[in-house]
Amino acid sequence: MKRRHAIVFVRIAVLAGSIIFLEVCCRAGIIDPLTVIPPSEMFASMIDRVGSGEMNASIMSTFSTIVFAFVLAIGFGILAGALIHRSPRLRDVVDPLLASYYSVPTFIFYPLLVALLGLGKAPLVVLGVLSAAPAVMISTLSGLDGISPVLIKLARVHRLSPARTFSWIVLPAALPRLFTGLKLALSYALIGVIAGEFILSGTGLGYDISFAYQSFDNRAMYGTMLFVLSIAVISNGFLYAWEGRLARRRSRG
Amino acid sequence: MASESHVELNEVVRQYDGPPAIQALGPIDLVIDRGEFFSIVGPSGCGKSTLLDVVCGLAQPTSGSVRFEGKELCAEVPEGVGVVFQEDSSMPWLSVRQNVAFGLRTSGLSKKQVTERVDHAVGFMGLAQFADHYPAQLSGGMRQRVCIARTLVLRPRLILLDEPFGALDQQTRLLMGDELLRLWRETGATVLLITHALDEAAMLSDRVGVMSARPGRFIDMIETGWPRDRDSRVVSDREFGALTARLWSSLREESLKAMGRAA
Numbered sequence: 023m024k025r026r027h028a029i030v031f032v033r034i035a036v037l038a039g040s041i042i043f044l045e046v047c048c049r050a051g052i053i054d055p056l057t058v059i060p061p062s063e064m065f066a067s068m069i070d071r072v073g074s075g076e077m078n079a080s081i082m083s084t085f086s087t088i089v090f091a092f093v094l095a096i097g098f099g100i101l102a103g104a105l106i107h108r109s110p111r112l113r114d115v116v117d118p119l120l121a122s123y124y125s126v127p128t129f130i131f132y133p134l135l136v137a138l139l140g141l142g143k144a145p146l147v148v149l150g151v152l153s154a155a156p157a158v159m160i161s162t163l164s165g166l167d168g169i170s171p172v173l174i175k176l177a178r179v180h181r182l183s184p185a186r187t188f189s190w191i192v193l194p195a196a197l198p199r200l201f202t203g204l205k206l207a208l209s210y211a212l213i214g215v216i217a218g219e220f221i222l223s224g225t226g227l228g229y230d231i232s233f234a235y236q237s238f239d240n241r242a243m244y245g246t247m248l249f250v251l252s253i254a255v256i257s258n259g260f261l262y263a264w265e266g267r268l269a270r271r272r273s274r275g
Numbered sequence: 019m020a021s022e023s024h025v026e027l028n029e030v031v032r033q034y035d036g037p038p039a040i041q042a043l044g045p046i047d048l049v050i051d052r053g054e055f056f057s058i059v060g061p062s063g064c065g066k067s068t069l070l071d072v073v074c075g076l077a078q079p080t081s082g083s084v085r086f087e088g089k090e091l092c093a094e095v096p097e098g099v100g101v102v103f104q105e106d107s108s109m110p111w112l113s114v115r116q117n118v119a120f121g122l123r124t125s126g127l128s129k130k131q132v133t134e135r136v137d138h139a140v141g142f143m144g145l146a147q148f149a150d151h152y153p154a155q156l157s158g159g160m161r162q163r164v165c166i167a168r169t170l171v172l173r174p175r176l177i178l179l180d181e182p183f184g185a186l187d188q189q190t191r192l193l194m195g196d197e198l199l200r201l202w203r204e205t206g207a208t209v210l211l212i213t214h215a216l217d218e219a220a221m222l223s224d225r226v227g228v229m230s231a232r233p234g235r236f237i238d239m240i241e242t243g244w245p246r247d248r249d250s251r252v253v254s255d256r257e258f259g260a261l262t263a264r265l266w267s268s269l270r271e272e273s274l275k276a277m278g279r280a281a
């Protein structure tokens, strides 16, 4: 068995073992079923809720907001990162702010965003962008810093236009580090939007979880939580696999 | 046949803004003939690479002029010039074939013509078996060959090489030198080689320019007198020892100056 396959096998075994352990503890009454329901019931609840279509509106609302925030964060993050990279003075000013950015709980701005942008998706999108864009900016800066100067010279020797230099050399050279930012941005956009819905919104999966929690509907709450968790793991796993494929191609030796 | 000048440098000076302002180069006057293999040796920091940047248009001289095929350069690399850098400039996200074809993306050639040129260059540099490999799978010498092949497909009339074999071991350098000579003969291109290796310059060149410590100027110009169909076996020629000795005697005092020690 290849090392990579062995690692995946162990990872799945640990996850499966934890789920089975939780199932046994819940079924044996070691864990109070009013606190946590067995994983099999969580799964059944998720299937019921998705299958019945009762979550459709929330799914559409939440994931369209996340995708919108994610795409905006990528665009804004890459653009801002590239601009900061071009200006050493701006870099000096912004670097410490970026380094300490994630110590700021951006959710506290939600009331302000509602006051400015009204109710609806806009404040949630902004919250998602505020959470995700700095990760893209930081990884863009790191990616651009890591480009070998000789590759930029190469672009000049081949008389490439700025657009071609960017798409043929800068972007692929910076991609491995940029990918780290994309993975983080997806997670932060998801956290930002769902947490925003959970705390203050009246729609979406975050609100559904909050509503089920306040209604003592554990089955609905855990079913929705498992759905969100599954989507987060699958989407991040997809990016992780894509990144791994690129990295293996570059480091085959 | 009368020689024809291919590259001309007139009173070229390159200065870096300060404070304090540093004169890296010059004044330099140089004429390189079409089809000539010209090498430059000099102590560390004398401005060899700066000179190469100026010759290919990557850097502008502070004063003076550079002409390629009679036309003055103006802040961009002219068509017909290929450059091989000291550092590995292969692109890790492209296969060997894709790396070599990179320079032809904007050439306007048909797919068939691109394939033919790439196959020829890959084969010429002995990389046919590795055409679908990625740079990470190759040795340092092979990666440098990829970079040379990428320059070769452009069919440049002037090839500039900035210490291309600097990171290679002695045996590989000799063999790469043979390949470079073969390339030079087959393409008829003019070659300007920057090197710190005196034996490499003596073996490969028609003429070697010796530069002073900073600001770099030519302090000696040595004709090697080798036939055009030479190869690395000239290192066992008696003349080879005399040539390297002359290069070193010209260079020794300048190298000491560059190290901050008097002769």
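Residue numbers (the numbering used here), protein chains in the order written: chain A, 23 to 275; chain B, 19 to 281. Glycine included, every Cβ here is placed at the ideal spot set by N, Cα and C.
Short CB-CB distance (under 8 Å) between residue i and chain A
i: Ser250/B; result: no
i: Val101/B; result: yes
i: Glu241/B; result: no
i: Ser23/B; result: no
i: Val95/B; result: yes
i: Glu105/B; result: yes
i: Met154/B; result: Note on identity: in this sequence residue 154/B is Ala, with Met being the wrong assignment. So yes, Ala154/B belongs to the interface.
i: Cys92/B; result: no
i: Asp35/B; result: no
i: Leu6/B; result: Because chain B is modelled from 19 through 281, residue 6/B falls outside the range shown and cannot be assessed.
i: Gly126/B; result: no
i: Gly121/B; result: yes
Residue interval of the alpha helix (DSSP H) (run including residue i)
i: Val49/B; result: Careful: Val49/B lies outside any alpha helix (DSSP H), inside the beta strand (DSSP E) at 40-51.
i: Met160/B; result: 158-170
i: Gln131/B; result: 129-142
i: Arg25/A; result: 25-49
i: Asp167/A; result: 143-167
i: Ile58/B; result: Note, Ile58/B: premise wrong, no alpha helix (DSSP H); beta strand (DSSP E) at 55-59.
i: Gln116/B; result: 114-119
i: Arg178/A; result: 171-179
i: Val99/B; result: Run containing Val99/B: none in the alpha helix (DSSP H); it sits in the beta strand (DSSP E), 99-102.
i: Asp71/B; result: 66-74
Any C-beta of chain B under 8 Å from that of residue i
i: Ser170/A; result: yes
i: Val72/A; result: no
i: Lys205/A; result: no
i: Leu173/A; result: yes
i: Leu200/A; result: no
i: Leu37/A; result: no
i: Arg111/A; result: no
i: Arg49/A; result: no
i: Trp264/A; result: no
i: Arg181/A; result: yes
i: Leu176/A; result: yes
i: Gly275/A; result: In this prediction, Gly275/A has a pLDDT of 44, which is less than 50 and means its spatial position is unreliable; what the coordinates show is noted afterwards. Output row for Gly275/A: interface = yes.
Element boundaries [beta strand (DSSP E), containing residue i]
i: Arg85/B; result: 81-86
i: Leu176/B; result: 176-180
i: Tyr132/A; result: Where Tyr132/A is concerned, there is no enclosing beta strand (DSSP E), although the alpha helix (DSSP H) it sits in stretches over 132-139.
i: Leu27/B; result: 23-34
Residue i: contacting residues in chain D (beta-carbon distance under 8 Å)
i: Trp111/B; result: Protein chains in the displayed structure are A and B, and chain D is not among them.
Presumed contact (8 Å Cβ cut-off) between residue i and residue j, rounded CB distance
i: Cys92/B; j: Val179/A; result: Actually they are not in contact, since the Cβ atoms of Cys92/B and Val179/A sit about 16 Å apart, beyond 8 Å.
i: Phe236/B; j: Leu48/B; result: 7 Å
i: Tyr262/A; j: Lys205/A; result: 7 Å
i: Thr225/A; j: Arg71/A; result: The Cβ separation is near 16 Å, so there is no contact.
i: Gly150/A; j: Thr87/A; result: 7 Å
*Runs of beta strand (DSSP E) lying entirely within the region 64-129 of chain A, each at least 3 residues, in chain order*: Runs of the beta strand (DSSP E) inside the region 64-129 of chain A: none found.
Tell me whether the region 214-228 of chain A and the region 155-162 of chain A touch, counting them as touching only if at least three CB pairs, one residue from each stretch, are closer than 8 Å.
Touching, no.
Note to self: Three Cβ pairs or more, each shorter than 8 Å: is that satisfied between the region 166-180 of chain B and the region 114-133 of chain B?
What the structure shows: Counting Cβ pairs under 8 Å, three or more are found: they touch.
Query raised in the report: Taking three-plus beta-carbon pairs below 8 Å as touching, is the region 69-77 of chain B in contact with the region 204-213 of chain B?
Result: Counting Cβ pairs under 8 Å, three or more are found: they touch.
Every unbroken alpha helix (DSSP H) inside the region 198-260 of chain B [4 residues or more]: Segments of the alpha helix (DSSP H) lying fully in the region 198-260 of chain B: 216-222.
#### Entry: Given 8 Å, three or more beta-carbon pairs between the region 197-210 of chain A and the region 130-138 of chain B
The answer is no - the region 130-138 of chain B does not touch the region 197-210 of chain A, with fewer than three Cβ pairs under 8 Å.
Can at least three beta-carbon pairs, one atom from the region 40-55 of chain B and one from the region 226-237 of chain B, be found at a separation below 8 Å? These segments touch.
Does the region 83-99 of chain B touch the region 107-118 of chain B, meaning 3 or more C-beta pairs lie closer than 8 Å? Contact fails between the region 107-118 of chain B and the region 83-99 of chain B, because fewer than three Cβ pairs, one in each stretch, are under 8 Å apart.
| message | So within the region 201-257 of chain A, which uninterrupted alpha helix (DSSP H) runs reach at least 4 residues, ignoring any that extend past its ends? | response | Listed in chain order, the complete alpha helix (DSSP H) runs (minimum 4 residues) inside the region 201-257 of chain A are 226-236.
Item checked: Contact the region 68-88 of chain A vs the region 221-230 of chain A: 3+ CB pairs below 8 Å -> They touch, by the three-pair rule.
Should the region 61-79 of chain A be called in touch with the region 230-250 of chain A, which here means at least 3 C-beta pairs below 8 Å?
-> Here the region 61-79 of chain A makes contact with the region 230-250 of chain A; the two share three or more CB pairs at distances below 8 Å.
Is the number of C-beta pairs between the region 185-198 of chain A and the region 122-133 of chain A that are closer than 8 Å three or more? Contact fails: fewer than three Cβ-Cβ distances are below 8 Å.
### Message
Does the structure place the region 242-257 of chain B close enough to the region 191-208 of chain B that three or more beta carbon pairs sit under 8 Å?
### Response
Under the 8 Å Cβ criterion, the region 191-208 of chain B counts as touching the region 242-257 of chain B, having at least three qualifying pairs.
| said: Check whether the region 166-176 of chain A and the region 101-119 of chain A are in contact - that is, three or more C-beta pairs closer than 8 Å. | reply: With a cut-off of 8 Å, the region 101-119 of chain A and the region 166-176 of chain A count as touching, because enough Cβ pairs lie within range.
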